[in-house]
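Working notes, beginning with the structure itself.
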C-alpha cells in the first residue's frame, strides 16, 4: 500500500509543473502573448460602449460616416476667429493685423519658445536658422529667421505668414491660436536680437 | 494495470489537477491576460505610420500633431492636412502614403484604429493633465520608441487612483519631446516649492469633496493654457464619473 501510494505522486508533480510552466510561458512572456492586434476582450460589457457620438468616431447615420461634421460653407465655429486675409494679401497684412498686442514678458517669451520649438522647429530648427530635420529629408529650406530678410518684416506681416502660409509653408492657423502666434513673434524677435549664430542647436 | 485503490487515486488526482489548471486558466485568461487588461493592444493601422521615425528619430514633438490636447478633453488624431504639411514635398510617390494623399484630395478621413479607449462612463480630460505638466509617457509609455503603437498601461480605475493618491511616485514630469508648456520654469513639477505645497496637504481632506486640488492659476494671456501648480488628483467619484 505504502509503496503504491508513493508511485502515484511523481505524476502530480510533473503534471502541475508542466501546467504551471505552460501557463507562465503563455501568459507572462513572449511577444505573441504580450502584443495582440485583436481588440481587447470585454468579459462583462457594463456600459463601456454607449450608443452615442464620441469625438473622432464613425457614425452610420451619415452617408460619409463622419460623426464630426464639416462646417457648412461660409460659416465658422462659434467663438472661432477666421483669419480674414488670403495668402497673397501681403499689402493688407500690416493694416489688418496691426502691432503685437502682447507684452514681451517672461511668460509670453517662454510660451513663444515652447510653441516655436513644437510647431516651427521641424523646418526652422530650434535656433530659427533653418535646416531642421524635415529639411534634411528633402523639404525646401526656409530662410534664416535671424537674418535681415525676416528682421525687416513687420509683426503684422510675420503674423500673416504664420496664419496663411507662404510659398511651400502651410497655414498654421489651425495649430496656433491668435495669441500663440503673437508669442511666437515675440520669441522670433528675441532670437533676432541675438543675431545670426553658428549652427549648434538641432531640432532634437 | 494498477490496483483498484491506485486507480481511484489517479482519478482523484487527475480531477484535482484539472480543476487547478482550469482555475489557473480562468484567472490567467480573464484576470491577467493582456486581452483583458488591454495592455499590448497593437492593432494594424491603415497607414503604417511610425512614431519611432517621426518623434524618435526626427524629434517632432507630440503636440505638433496632437494639437488641441492642452485645450480639450479629447486628444485628437491629426487631420490629414497635418500629414500633408510635410508630405506635400517629401516622399510624394511613396505607395505607403497613397491612402494619405487620397484622403487629402477627396476630403475623406483616414479610419485610424483607436487603441486607448476608456469606458464611456468615465470622463478623462487631457487638458487638465497636460496643464499639470504630466508627460504623455506617464500613461502612454515611450511612444517615440514604438514603431507600431501599443497600449502601455492598463488604464483601469486602479491605475488612475494610484497616481491621484501618490502622484510623486508615478508621474513623469513633462519631457521636451512632448512639447508640453511648462511655464517660465521648465519641469517645475517636483521642485522644492512644489514639494513644499504637497507636503502641507492631506490627501483626503474631506471625503465628500475629495482630495486637495491645486488652484487653477489666473490665465495670464487669453487663449494660452497656463500651467498649474501640482497637487493630488481628486478621489471623489463624481470627478471622473460625472
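Chains as they are written, first to last, in the numbering used here: chain G, 203 to 406; chain D, 15 to 256. Virtual Cβ for every residue (Gly too), placed ideally from N, Cα, C.
Across which residues does DSSP place residue i in a beta bridge pair?
| i | result |
| --- | --- |
| residue 55 of chain D | G/238 |
| residue 148 of chain D | D/187 |
| residue 368 of chain G | G/371 |
| residue 332 of chain G | In DSSP, residue 332 of chain G forms no bridge with anything. |
| residue 315 of chain G | None; residue 315 of chain G has no bridge partner. |
| residue 268 of chain G | G/260 |
With hydrogens ignored, establish whether the beta-carbon of residue i is closer than 6 Å to any heavy atom of the ligand HEM.
| i | result |
| --- | --- |
| residue 385 of chain G | The model on display carries no ligand, and the ligand HEM is accordingly not part of it. |
Counting only Cβ pairs nearer than 8 Å, list the residues of chain D close to residue i.
| i | result |
| --- | --- |
| residue 260 of chain G | 125 |
| residue 369 of chain G | Going along chain D, no residue has its Cβ under 8 Å from residue 369 of chain G, so there is no contact; the nearest lies around 11 Å. |
| residue 268 of chain G | 123 |
| residue 252 of chain G | 134 and 135 |
| residue 218 of chain G | 31 and 34 |
Leaving out five residues on either side along the sequence, give the residues of the same chain with a beta carbon under 8 Å from the beta carbon of residue i.
| i | result |
| --- | --- |
| residue 191 of chain D | 69, 73, 75, 76 and 158 |
| residue 193 of chain D | 75, 76, 77 and 78 |
| residue 118 of chain D | 94, 95, 97 and 98 |
| residue 392 of chain G | 306, 311 and 314 |
| residue 233 of chain G | With a pLDDT of 48 at residue 233 of chain G, under the threshold of 50, the modelled position of this residue cannot be trusted, and the question is left open. |
| residue 255 of chain G | 261 and 269 |
| residue 371 of chain G | 325, 344 and 363 |
For residue i, which residues of its own chain have a beta-carbon under 7 Å away from its beta-carbon, when the five flanking residues on both sides are left out?
| i | result |
| --- | --- |
| residue 221 of chain D | Low local confidence applies: a pLDDT of 41 at residue 221 of chain D is under 50, so the model's placement there is unreliable, and no value is given. |
| residue 319 of chain G | 328 |
| residue 241 of chain D | 145, 147, 195, 196 and 197 |
| residue 60 of chain D | 113, 124, 125 and 126 |
| residue 246 of chain G | none |
| residue 223 of chain D | Confidence is the limiting factor: at residue 223 of chain D the pLDDT is only 42, short of 50, which leaves the residue's position unreliable and the question unanswerable from this model. |
| residue 62 of chain D | 110 |
| residue 343 of chain G | 332, 333 and 337 |
| residue 296 of chain G | 356, 358 and 359 |
| residue 240 of chain G | none |
| residue 105 of chain D | 111 |
| residue 285 of chain G | 365, 366 and 375 |
| residue 176 of chain D | 184 |
| residue 397 of chain G | 348 |
Interface residues of chain D around residue i at Cβ under 9 Å?
| i | result |
| --- | --- |
| residue 213 of chain G | 24, 27, 28 and 31 |
| residue 273 of chain G | Neighbours of residue 273 of chain G on chain D: none; closest Cβ ~12 Å, over 9 Å. |
Going along chain G in order, which residues have a C-beta closer than 7 Å to the C-beta of residue i?
| i | result |
| --- | --- |
| residue 81 of chain D | 377 |
| residue 234 of chain D | 309 |
| residue 150 of chain D | Correct list: empty, because the minimum Cβ distance to chain G is about 13 Å. |
Given that residue i touches chain G, what residues does it touch there, using C-beta distances under 8 Å?
| i | result |
| --- | --- |
| residue 56 of chain D | 237, 238 and 239 |
| residue 52 of chain D | 242 |
| residue 38 of chain D | 221, 222 and 225 |
Can you list, in chain order, the residues of its chain with a C-beta nearer than 6 Å to that of residue i? Leave out the 5 residues immediately preceding and following it.
| i | result |
| --- | --- |
| residue 161 of chain D | 64 and 66 |
| residue 353 of chain G | 394 |
| residue 361 of chain G | 299 and 383 |
| residue 346 of chain G | 331 and 332 |
Return the Cβ separation of residue i and residue j in integer angstroms, given the expectation that the two are a contact with Cβ distance under 8 Å.
| i | j | result |
| --- | --- | --- |
| residue 374 of chain G | residue 311 of chain G | In fact, because the Cβ distance is near 19 Å, the residues do not count as touching under 8 Å. |
| residue 101 of chain D | residue 89 of chain D | So it is not a contact: roughly 22 Å between Cβ atoms. |
| residue 178 of chain D | residue 248 of chain D | 7 Å |
| residue 317 of chain G | residue 386 of chain G | 5 Å |
| residue 141 of chain D | residue 85 of chain D | 6 Å |
| residue 266 of chain G | residue 122 of chain D | 7 Å |
Determine, for residue i, whether the minimum Cβ-Cβ distance to residues of chain A falls below 7 Å.
| i | result |
| --- | --- |
| residue 257 of chain G | Annotation note: the requested chain A is absent from the structure, which comprises protein chains G and D. |
Kindly list, in the order they appear in chain D, the residues whose Cβ is closer than 7 Å to that of residue i.
| i | result |
| --- | --- |
| residue 393 of chain G | In chain order: nothing, as chain D lies at least about 18 Å away. |
By the criterion of Cβ-Cβ separation under 9 Å, what are the contact partners of residue i in chain G?
| i | result |
| --- | --- |
| residue 237 of chain D | 379, 380, 381 and 382 |
Exercise for review: Please name the residues in the region 276 to 307 of chain G whose beta-carbon is closer than 7 Å to at least one beta-carbon of chain D, in chain order.
Suggested key: Per Cβ criterion, the list reads 304.
Practice item. Scan the region 66 to 97 of chain D for residues whose Cβ lies nearer than 7 Å to a Cβ of chain G and list them as they occur along the chain. Key: Residues are counted here when their Cβ sits less than 7 Å from a Cβ of chain G; for the region 66 to 97 of chain D these are 72, 73, 74, 75, 77, 78, 81, 88, 90 and 91, given in chain order.
Practice item. Output, in sequence order along the chain, the residues in the region 94 to 122 of chain D whose CB is closer than 9 Å to any CB in chain G. Key: Those would be 95, 96, 98, 99, 100, 102, 103, 104, 105, 121 and 122, in chain order.
Practice item. Residues of the region 159 to 187 of chain D with a CB closer than 9 Å to any CB of chain G: list them in chain order, please. Key: With the criterion set as a beta carbon lying under 9 Å from some beta carbon of chain G, the members of the region 159 to 187 of chain D are 162, 164 and 165, in sequence order.
Review point. Which residues, in chain order, does the region 315 to 327 of chain G contribute to contact with chain D at a C-beta distance below 9 Å?
Key: Sequence-ordered contacts of the region 315 to 327 of chain G with chain D read 316, 317, 319, 320, 321, 323, 324 and 325 [C-beta pairs closer than 9 Å].
**Study point:** Within 7 Å of chain D by C-beta, residues of the region 330 to 357 of chain G in sequence order
**Key:** Taking 7 Å as the cut-off between beta carbons, the residues of the region 330 to 357 of chain G near chain D are 335, 336, 339, 340, 341 and 342, in sequence order.
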